[in-house]
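Residue numbering for the sequence shown follows the working numbering, starting at 71 and increasing by one per position. For each residue, glycine too, the CB sits at the ideal point set by N, CA and C. A short write-up of the structure that comes next.
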Amino acid sequence: MAQSFPGFNAPAAGFDEPVDMLSACHDKLRSRCETLSRLPGHVARHGADEQARSAAQSILRYFDGPALYHHADEEKDLFPALLESVAGSDASCLRGLFDKLSNEHRLLENQWQRLRPLLQQLCDGKAVELPDSDIQAFIQGYAGHLQCEDQELLPMARRMLDSAALQQIGQAMNLRRNP
Numbered sequence: 071m072a073q074s075f076p077g078f079n080a081p082a083a084g085f086d087e088p089v090d091m092l093s094a095c096h097d098k099l100r101s102r103c104e105t106l107s108r109l110p111g112h113v114a115r116h117g118a119d120e121q122a123r124s125a126a127q128s129i130l131r132y133f134d135g136p137a138l139y140h141h142a143d144e145e146k147d148l149f150p151a152l153l154e155s156v157a158g159s160d161a162s163c164l165r166g167l168f169d170k171l172s173n174e175h176r177l178l179e180n181q182w183q184r185l186r187p188l189l190q191q192l193c194d195g196k197a198v199e200l201p202d203s204d205i206q207a208f209i210q211g212y213a214g215h216l217q218c219e220d221q222e223l224l225p226m227a228r229r230m231l232d233s234a235a236l237q238q239i240g241q242a243m244n245l246r247r248n249p
């Protein structure tokens, strides 16, 4: 029986609303993680069929591109803009949060590099065994990371950044993707 993979039709936010775009990226990250969580069972039952290859390709495309842009958007643009908007001990507290989130980005990127070759083999039609423990660590890492960003970082950005700062962030995000 065919298995469908969710999350390929989320509406896109634009560069003129960078915080909404970051939030939309979180939804897409969750969707790709959900697809990834279902992939080992599908491959065990159906091998490297067209659905498995298509799902693996979608996951690869997202984590090799937009997810990395997303990390750069936060670290190079959003974090500095938020730091500029505060003074004193608030800046110190923010630096602690930003260091934590940046460290999580590196951890997630390293975990992704371990999963990537297996998904590439799957795209190439090889029914590989996808290690559930590595997949679950990656998915759980993203879940906690995104929860922190959704509950702390993005609401803070909406409250603290003025339209000029948001416009500058949006322009930098656009330039990163469209040099």
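Next item on the list: Return helix, strand or coil for Leu87, following the three-state DSSP convention.
Entry: Here residue 87 is Glu; the residue named in the question, Leu, does not match the sequence. Coil at Glu87, not helix or strand.
Checklist line | Pick from Glu179, Gly166, Leu153, Ser93 that is closest to Asp134, judged by C-alpha positions | finding: Checked all of Glu179, Gly166, Leu153, Ser93; the closest Cα to Asp134 is Glu179.
Check: Is it buried or exposed for Ala213, if we count other Cβ within 10 angstroms and need 16 for buried?
Finding: By the 16-neighbour rule on beta-carbons within 10 angstroms, Ala213 is exposed.
Next item on the list: Using three-state DSSP, classify Asp134 as helix, strand or coil.
Entry: Helix.
Next item on the list: Tell me whether Arg102 is buried or exposed, calling it buried when 16 or more other Cβ atoms sit within 10 Å of its Cβ.
Entry: So Arg102 counts as buried.
Notebook entry, point to check: For His141, which residues of its own chain have a beta-carbon under 6 angstroms away from its beta-carbon, when the five flanking residues on both sides are left out?
Noted result: Excluding residues up to 5 positions away in sequence, His175 lie with their Cβ nearer than 6 angstroms to the Cβ of His141 in the same chain.
Notebook entry, point to check: Less than 8 angstroms separating the beta-carbons of Cys218 and Leu189?
Noted result: Contact flag unset, no.
Next item on the list: Taking all protein chains shown into account, decide if Tyr132 is buried (16 or more other Cβ within 10 angstroms of its Cβ) or exposed.
Entry: That one is buried.
Item checked: Classification of Leu245 by the beta-carbon crowding that lies within 10 angstroms, buried from 16 upward -> So Leu245 counts as exposed.
Next item on the list: Could you tell me if Arg184 is buried or exposed, where buried requires 16 or more neighbouring beta carbons within 10 angstroms of its beta carbon?
Entry: Counting Cβ neighbours within 10 Å, Arg184 comes out exposed, since fewer than 16 surround it.
Notebook entry, point to check: Hey, out of Arg115, Leu164, Asp90, whose CA is closest to Leu200's CA?
Noted result: That would be Arg115, whose Cα lies nearest to the Cα of Leu200.
Next item on the list: Evaluate Ser128 with the Cβ neighbour count: other Cβ atoms within 10 Å of its Cβ, from every protein chain shown; 16 or more gives buried, anything less gives exposed.
Entry: It is buried - the Cβ of Ser128 has at least 16 other Cβ atoms within 10 Å.
Notebook entry, point to check: Do Cys193 and Pro136 have their C-beta atoms within less than 8 angstroms of each other?
Noted result: Not a contact, by the Cβ cut-off of 8 angstroms.
Checklist line | Touch test, the region 156-167 against the region 108-124, Cβ-Cβ under 8 angstroms, three pairs minimum | finding: With the cut-off at 8 angstroms, the region 156-167 and the region 108-124 do not touch.
Notebook entry, point to check: What are the uninterrupted segments assigned as alpha helix (DSSP H) that are 4 or more residues long and contained completely in the region 157-196, given in chain order?
Noted result: Taking only runs of at least 4 residues, the alpha helix (DSSP H) segments lying wholly in the region 157-196 are 159-193.
Margin query: If I follow the unbroken alpha helix (DSSP H) through Asp204, where does it start and stop?
Written below: 202-218 is the extent of the alpha helix (DSSP H) around Asp204.
Next item on the list: Can you have a look at Ala234 and say buried or exposed, based on whether 16 or more other CB atoms are within 10 angstroms of its CB?
Entry: The residue in question, Ala234, is exposed, as its Cβ has fewer than 16 Cβ neighbours within 10 Å.
Item checked: Backbone CA spacing between Ala125 and Asp147 [nearest angstrom] -> Straight-line Cα distance between these residues: approximately 31 angstroms.
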